[in-house]
Amino acid sequence: MKSKTIGQRIKELFGLKDKESVFYEELEDILIQADIGIQLSIELVEELKEQVKKQRLMSKNDILTALKKCISSYIKTVQIEPLKDCLNIFLILGVNGVGKTTTVAKLAHYFKLKYNISEIVLSAADTFRAAAIDQLQLLGQQLKVKVIHQAPGADPGAVVFDSLDSAKAHKSQIVLVDTSGRMHNKTNLVRELSKIDKIIKSKSEKSFYHKILVIDATTGQNALSQGEAFKQALGVDSIILAKFDSSAKGGIAVSICKNLGIPFSFLGTGEKMDDIKVFNKQLYLNTLLGE
16 MKSKTIGQRI KELFGLKDKE SVFYEELEDI LIQADIGIQL SIELVEELKE QVKKQRLMSK
76 NDILTALKKC ISSYIKTVQI EPLKDCLNIF LILGVNGVGK TTTVAKLAHY FKLKYNISEI
136 VLSAADTFRA AAIDQLQLLG QQLKVKVIHQ APGADPGAVV FDSLDSAKAH KSQIVLVDTS
196 GRMHNKTNLV RELSKIDKII KSKSEKSFYH KILVIDATTG QNALSQGEAF KQALGVDSII
256 LAKFDSSAKG GIAVSICKNL GIPFSFLGTG EKMDDIKVFN KQLYLNTLLG E
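Residues 16 to 306, numbered by the numbering used here, are exactly what the sequence shown covers, in order.
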């Protein structure tokens, strides 16, 4: 049996509107279970109480709208637009299993359609997994974009170096770098990513460089730990919330914005190339709360 969405559970609470204390206690529990976090859920419910009292809100729609406004105030977003007349470099980060390689292809597809950019390079810097290299090559063929790769086990930094050289030689506009995600809290991976970061910075004069972390909407508070680890190790410019749909929890985005201050740039909503959208607060909240 399919579990109820957050929105369905919240709507059921309005049957308790004559029992105010129970309503707010239950709402707090739902927000916590949605991965918004204990402290932030408490703060949101207190904010909602104040708004309901101050504005004398009575209807379900008005109270739900007030809740959305409370949550919306914590969400940070950024829109990524490739700069013209320079190379745009995107380093895609994240632990294994979040869908980094697929996200790299989705971003390439998005940039092709949205900005009519055809000269795109995909850099297969996850040399730890042979499957990741093969997958990126296949996706590159489907998208008709160049994929720079080496043999499994090769130096990821060398792959990135070659990718940037190739992009400059062919006057490409975008380079999307796929990276390894094993053991995000381990020294060897941090060292590997730091090396890639230094290579990009050394070769990115007059380029736009943006580091994107991909997190899985279904992994809960663990995603907050991932965000903190990558922010400390490398710095993160924006986050993509992958695997987000009406049944996913997804409240972790609010928690990350509040605790880490990192904005969200995109939403991943499925496996197809088109299943990526600019992170829109209203779309996110409507999906999260089941509107």
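For every residue, glycine included, the Cβ atom is placed at its ideal position computed from N, Cα and C.
Q) What does tyrosine 125 pair with, by DSSP beta-bridge criteria? A) Partner(s): none; tyrosine 125 has no beta bridge.
(Q) If I follow the unbroken beta strand (DSSP E) through serine 138, where does it start and stop? (A) 135–139
Q: Would you identify the three-state DSSP class for leucine 59, choosing helix, strand or coil?
A: helix
Q: Please check the pair serine 280 and aspartate 193, which I expect to be a contact at CB under 8 Å, by giving their CB distance rounded to whole angstroms.
A: 17 Å between Cβ atoms; not a contact.
Q: Would you mind giving the Cβ-Cβ distance between leucine 82 and leucine 63, rounded to the nearest angstrom? I have them listed as a contact below 8 Å.
A: 5 Å
Q) For threonine 302, does the count of other Cβ atoms within 10 angstroms reach 16, so buried, or fall short, so exposed? A) buried
(Q) In the DSSP assignment, the beta strand (DSSP E) including tyrosine 176 goes from what residue to what residue? (A) What sits at residue 176 in the sequence shown is phenylalanine, not tyrosine. Per DSSP, phenylalanine 176 belongs to no beta strand (DSSP E); it is in the alpha helix (DSSP H), 171–184.
Q.
Going by beta-carbon coordinates alone, are phenylalanine 223 and leucine 122 separated by less than 9 Å?
A. Result no, Cβ atoms of phenylalanine 223 and leucine 122 do not sit closer than 9 Å.
Q | First through last residue of the beta strand (DSSP E) which encompasses alanine 257 | A | 253–257
Q: Specify the secondary structure class of valine 113 as computed by DSSP and reduced to three states.
A: coil
Q: Kindly indicate which residue of Phe105, Val160 and Lys99 has the alpha-carbon position closest to the one of isoleucine 254.
A: Phe105
Q: Return the chain-ordered list of same chain residues with a C-beta closer than 6 Å to the C-beta of lysine 221, the five sequence neighbours on each side being excluded.
A: Excluding its 5 nearest sequence neighbours in each direction, lysine 221 has C-beta neighbours in its own chain below 6 Å: Cys101, listed in chain order.
Q. Does the pairing of the stretch 139–150 with the stretch 166–178 give three or more beta-carbon distances under 8 Å?
A. yes
Q | Three-way DSSP call (helix, strand, coil) for tyrosine 299 in this model | A | helix
(Q) For a test of the three-state rule: what should DSSP assign to threonine 80, helix, strand or coil? (A) helix
**Q.** Own chain residues within Cβ distance below 6 Å of lysine 264, not counting five before or after
**A.** Hits under 6 Å: Ala49 and Asp50.
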